[in-house]
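Visitor: Below: one structure in structure tokens.
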Amino acid sequence: MRGSGLGPAFCKELHATNAVVVYTDIPGHAERTEVVPSERLTATALSPGSRVWIKGEPYGWHAAEIAGIGSFGKYHVRIPGMPKELSLEPDQFKVRWNHPLNDPVNAVAQGFCDSPEFYKARRAFLDELALQRRASRGYTAALSAPVEFYQHQLDTVARVLSDPVLRYLLADEVGLGKTVEAGLVVRQLLLDDQHATALISVPSYLRGQWGKELRERLLLGTEMGEGRVRLISHEDLAGETGLTAHAVVVIDEAHRLMRYLADAPGLRKGLHRTKGLLLLSATPLSGNLSDLLGLLNLVDPVAYGIEDLESFEERIRQRETEANGLQILTSRRATSRMKNKVLEEIAGTYKNDPAVVEMVEDCRRGPDDTAAWDRLNSYVKETYRISRRMVRHRRRTGAAQDYPVVGRRPCFTPVEDPARAMIDEFLDFYRERLGDAVHLEAEERVGDLVTMVLHALAGPRALLHHLQQLQAGWDAAAQPDPLINAMIARLRGIDTGARTRAALDVIDDRLAKGLKVVAVSSSRAAAQEFHTAALDRWGEAVVAGHLAGMDQAARERETLAFVDTPQRALLVGDPTLEEGRNLQEAHVLVNLDLPLDPNQLEQRIGRLDRFALRTSPAEIVVLQEAGSAWVDGHIRLLVEGLGIFRDSVATVQRKNAEIYHEFTSRLLSRGSDALTFDFSAMKKEIAEEHDAVDLLETLESITSNTDFDDASMAELRDSEKRHPQLQSAFERFASARGGLGLQPRIDPQGPLLRFPLSPRSIPGLPDDLMRHVVRLLRRPRAYDRSVATSRNGVAPLRLGDPLVDWLEQHLRMDERGRARAIVRPSDDCITPSFWMSCDILVEFDETRLPADSQAVRRRLRRRGDALLPPRIIRVWADPHGVASPSLTQALDAPFDPDSDRVLRGPQWSSVLAALPDWRQLCIDSADTALDHVRALPDVATVPAAAGHRAGEETAARAAVLRARSQRLPTSAERHAAQTELQHELSLGRALRHGVESPAVSIIACGAVVLWPTA
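According to full-length UniProt numbering, the residues represented by the sequence shown are 1 to 1014, in order.
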């Protein structure tokens, strides 16, 4: 019937305007009759291979399948074990609806039983699926993507998806995998809701990289083709309509969106109203605070007014001060005097917060009571956090401790350039002349000099291109500049290729070693020229480019070719390459020159110094010319002051900017001496800045989500080691014995799982369903995760994969293996005895979860599963108790076709004669099994412990939110916290109830009648 979603129904009566239809769950016992409008009926012939049930004599039902369609509306029906097909009318058999068999006990009671072979063949695979769901805490998007598992990424995914309000700023440090985090969130939302869509906005130069990640690492190529995932540029975001229709909007390099928002107020309002919003930006708390406020306004507009920059800056300064003080509070090395000083500062700052006042008094009364000091520290840290919607992880700290980041090591290559002395002399003359140019504003003179110094330090070719560009820009009425004209002439008259040749030789050496090399210049013209020289030397088969002179599509093609093709081993770029690109596949960065701005240089090095599964750090090649005050001063600043070639300085952006501003502002007055600093003092200041940032970000970091603590990660990784057991279980299930002949095979060219792509039929599936399943078989898969992660487009065989999800759904809907009954001869009994095996599922009860949709319910359900992971307990019982271990062993023995008999047809006569109360035996035995499981010590204590843990988690979250709703400085922030508090309390009540009173149900059962051999 159209639109019912219940599957096939039998039309019992047809009238002029309506019809009576019957849906079948358990034939003759659980059937649902509905009266429906006649126009909703659709006459559909059952497809060959469809499973049907025929009434048995004297009792029970025979499993059969449609072999073909006969004449006059009849069907050819095949019963296993019978030599001939039957020709039956549609009312002579039953077809189950499209719902799971939720009452297998009554199915056995009604004789609705099947071969035990199905159960044995399916049981191991079902166990593997249950283990996967348990270990992954239900986050099947990560489980089925070909990605490695890292705690900080899974922690972020869990935090975002377990929140009823899906609005976050993901601010992990550069290179820690924000793209994967956001992609896994998108993937999970699409798995949770088949109608969900996602919009991803990125800078135009990152579209190719994002597309590759989405297709190859997150396997969302099909969803992109269907339009469920759309990838657009920031420039196009303002023109997007229907932002609220998407389950989530993801914005990468979100700080770069700020300039578009200034001219598009409607876009800001649209982003405020989205159902879900993920902003990705590595902007740290110590960076551009205006951008940070703008980002927080997008994720939480109620709490963060865009005009409140001054008060926001004051909040940051206050937290920076608090960060140091709170560290002292809990430090074992701090003296009593130091602690008391901090205590008084906190008491003064939060004198209107009764909780703080009380905790301060507790600390004063018990100076040695560490618990009191810890309580105060935690309260101030959590209650007055800048934002609970910003997630930031740092390299080699906390949950990101084990994340493999490449690192860096410098290689200084000497260059003898005959033009260097001439260039330095020109710089000094040019600086002096600018100093006398009083007709220019001071800022303009400094800007001109900084640009000239940048190109001069880049070498004679870069300088010549810059001077020629200046010369070409003079209008006809302008007076020619004799200094620039003379320098152009001098450069044209000498060898200016020494630096280029040195760089080419370095690259040649690295290419000969099989290494991939990136070469970058700050000068677009110099980069273009070097690209030409590289092509002349190695050809297009080796050299790729990422240059301003190329269109965006060409840059994308060239970069992807470099990343994916072993032969394309050299990528030459200009400033268009320096931001956002992931180039960790490269081993060497050759700096054709060095930017003056340390933050720009850090961005350049950061293209290589990021995630990679290799042990060797990226080699950072610096071309060094001796005897030049300008060159020496610049390199000493970078090496002795900043240490940028050995460690990332991304977290001290503000300090880098201060240093850059300091030396550029004094270039005009001091020349090359402007690059001279007290490097000991500078290193100390940078170390202090690092410490301050560390303290502030530690203070602002949210405690790691308990879904993926160390123990959970160990369990998840252990489950991944079971790929041999998974292979064995799947091969048995996907065989005739398992009732689904998918014919899996291992590709001899590699350990990839493949299926026949054009089967005429799939045993166990009707033809119409087979056509759907065949589409799911095309992608190669792997049992071993390491195989999937090492090959493009290969999926691990895990929950979350479309095929595995379909198989799990099929196993729930298909009755095979869910209800079975056999007669087994026994030497140990005098009269026939009845025993029932029950597979009992104990799981979180989701019925009270507050959710507006099934998709949101599934998201929240994962918090319940994390607190009380589902488990299956198997019990043999009769009405009087459970079986002994020795009897259980006999009952569990594999089905023996030579002696055991499936209970069907004539077998029922003798069984019902011996056990006339068959139905009651089934029900009473199941009740005994359920009572036994509920009384098990761990089934009684684990939910109670989980409920206690749920209560503690909710109380801790609620306490913070309650305090924030009362104590935050602005009414907007307090209102936002109050809304979050109500969400959390409602969810907390449902979580606690769901784990303390778990759902306990029988998902499969089987009866064994032990028959005396005598």
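For glycine and all other residues, C-beta sits at the position ideal for the given N, C-alpha and C.
If you draw a straight line from the alpha carbon of lysine 341 to that of leucine 219, how long is it in whole angstroms?
Guide: Approximately 56 Å, taken between the alpha carbons.
Visitor: Please specify which runs of the alpha helix (DSSP H), each continuous and at least 4 residues long, are wholly inside the stretch 471-506, giving them in chain order.
Guide: Those alpha helix (DSSP H) runs which fall completely within the stretch 471-506 and span 4+ residues are 482-492.
Visitor: Taking the DSSP output, what are the residues bridged to proline 414?
Guide: Note: proline 414 sits in a beta bridge opposite Gln624.
Visitor: If you run the structure through DSSP and keep just helix, strand and coil, what is methionine 713?
Guide: Helix, per DSSP.
Visitor: Exposed or buried, what is proline 104 when buried is set at 16 or more other beta-carbons lying within 10 Å of its beta-carbon?
Guide: Counting Cβ neighbours within 10 Å, proline 104 comes out buried, since at least 16 surround it.
Visitor: Taking the alpha carbon of valine 415 as the point to measure from, which residue in Arg123, Ala626 and Gly793 has its own alpha carbon closest?
Guide: Nearest option by C-alpha distance: Ala626.
Visitor: Return the first residue and the last residue of the alpha helix (DSSP H) that tryptophan 538 is part of.
Guide: Tryptophan 538 -> alpha helix (DSSP H) spans 524-538.
Visitor: Pull the bridge partners of tryptophan 918 from the DSSP assignment, please.
Guide: According to DSSP, which records beta bridges pairwise, tryptophan 918 is partnered with nothing at all.
Visitor: Strictly by DSSP, which residues pair up with histidine 76?
Guide: Its beta-bridge partners are Gly68 and Ser87.
Visitor: Determine the DSSP secondary structure at methionine 550, reduced to helix, strand or coil.
Guide: Three-state result, methionine 550: coil.
Visitor: Give the straight-line distance between the Cα atoms of glutamate 720 and alanine 145, rounded to the nearest whole angstrom.
Guide: So the two alpha carbons sit approximately 13 Å from each other.
Visitor: Note down the Cα distance separating serine 521 from histidine 983, rounded to an integer number of angstroms.
Guide: Going from the Cα of serine 521 to the Cα of histidine 983 covers about 52 Å.
Visitor: Threshold first: 3 residues or longer. Then list the beta strand (DSSP E) segments lying entirely within the stretch 125-177, N to C.
Guide: Whole beta strand (DSSP E) segments, 3+ residues: 166-170.
Visitor: I'd like to check one pair, alanine 729 with aspartate 193: are the Cβ atoms closer than 8 Å?
Guide: Not a contact, by the Cβ cut-off of 8 Å.
Visitor: Return yes when the Cβ of serine 965 is within less than 8 Å of the Cβ of alanine 955, no when it is not.
Guide: The answer is no: Cβ separation not under 8 Å.
Visitor: Return helix, strand or coil for phenylalanine 611, following the three-state DSSP convention.
Guide: If DSSP states are grouped into helix, strand and coil, phenylalanine 611 belongs with the strands.
Visitor: With a CB to CB cut of under 7 Å and the five nearest residues on each side skipped, what residues in its chain are close to isoleucine 328?
Guide: If we look at isoleucine 328 and ignore the five residues flanking it on each side, its Cβ neighbours are Ala334, Met338, Lys339 and Val342.
Visitor: Under the rule that 16 or more other beta-carbon atoms within 10 Å means buried, what is alanine 935, buried or exposed?
Guide: Under this definition alanine 935 is an exposed residue.
Visitor: Going by beta carbon distance, what residues of the same chain come within less than 8 Å of arginine 137, once the five residues before and after it are set aside?
Guide: Counting only Cβ-Cβ distances below 8 Å, and skipping sequence neighbours, we find Ala158, Asp707, Phe708, Ser712, Arg862, Asp865, Ala866 and Pro869.
Visitor: Is it buried or exposed for phenylalanine 733, if we count other Cβ within 10 angstroms and need 16 for buried?
Guide: Burial call: buried.
Visitor: Taking 8 Å as the cut-off, decide whether the C-beta atoms of leucine 190 and leucine 799 are in contact.
Guide: Contact flag unset, no.
Visitor: Between the stretch 240-247 and the stretch 615-634, can you find at least three pairs of beta-carbon atoms closer than 8 Å?
Guide: No contact exists between the stretch 615-634 and the stretch 240-247.
Visitor: Starting from proline 885, trace the alpha helix (DSSP H) in both directions and tell me its first and last residue.
Guide: Start and end: 885-891.
Visitor: Alanine 629: which of Leu642, Asp428 and Arg859 sits nearest, CA to CA?
Guide: Comparing Cα-Cα distances from alanine 629 to each of Leu642, Asp428 and Arg859, the minimum goes to Asp428.
Visitor: Exposed or buried, methionine 82, counting other C-beta atoms within 10 Å across all chains shown (16 or more means buried)?
Guide: Exposed, because fewer than 16 other Cβ atoms sit within 10 Å of the Cβ of methionine 82.
Visitor: Note down, in chain order, each residue of its chain lying with its Cβ closer than 7 Å to the Cβ of valine 649, except the 5 sequence neighbours on either side.
Guide: Cβ within range, chain order: Pro598, Glu602, Leu642 and Asn656.
Visitor: Let me know the secondary structure DSSP gives alanine 355 once reduced to three states.
Guide: Alanine 355 falls in the helix class under three-state DSSP.
Visitor: Please classify residue 1019 as buried or exposed, where buried requires at least 16 other C-beta atoms within 10 Å of its C-beta.
Guide: Given a span of 1 to 1014 for the chain in the structure shown, any question on residue 1019 remains unanswerable.
Visitor: Determine the direct distance from the alpha carbon of glutamate 808 to that of leucine 126, and round the result to whole angstroms.
Guide: One C-alpha to the other measures close to 8 Å.
Visitor: Using the three-state DSSP reduction, which class does methionine 770 fall into: helix, strand or coil?
Guide: In this structure, methionine 770 counts as helix in the three-state DSSP scheme.
Visitor: When the Cα atoms are used, what is the spatial distance from leucine 434 to aspartate 424?
Guide: Using only the alpha carbons, I get a separation of about 15 Å.
Visitor: Note down, in chain order, each residue of its chain lying with its Cβ closer than 6 Å to the Cβ of proline 37, except the 5 sequence neighbours on either side.
Guide: Around proline 37: Asn18.
Visitor: Can you grab the Cα-Cα spacing for the pair phenylalanine 426 / phenylalanine 611, in whole Å?
Guide: In a straight line, the C-alpha of phenylalanine 426 is about 43 Å away from that of phenylalanine 611.
Visitor: Quick one: give me the first and last residue of the alpha helix (DSSP H) that valine 995 is part of.
Guide: 971-996 is the extent of the alpha helix (DSSP H) around valine 995.
Visitor: Taking all protein chains shown into account, decide if phenylalanine 112 is buried (16 or more other Cβ within 10 angstroms of its Cβ) or exposed.
Guide: Classification for phenylalanine 112: buried.
Visitor: Can you tell me whether asparagine 705 is helix, strand or coil according to DSSP?
Guide: Note that asparagine 705 scores 49 on pLDDT, short of 50, meaning its location in the model is unreliable; the coordinates nonetheless yield the value given after this. Coil, per DSSP.
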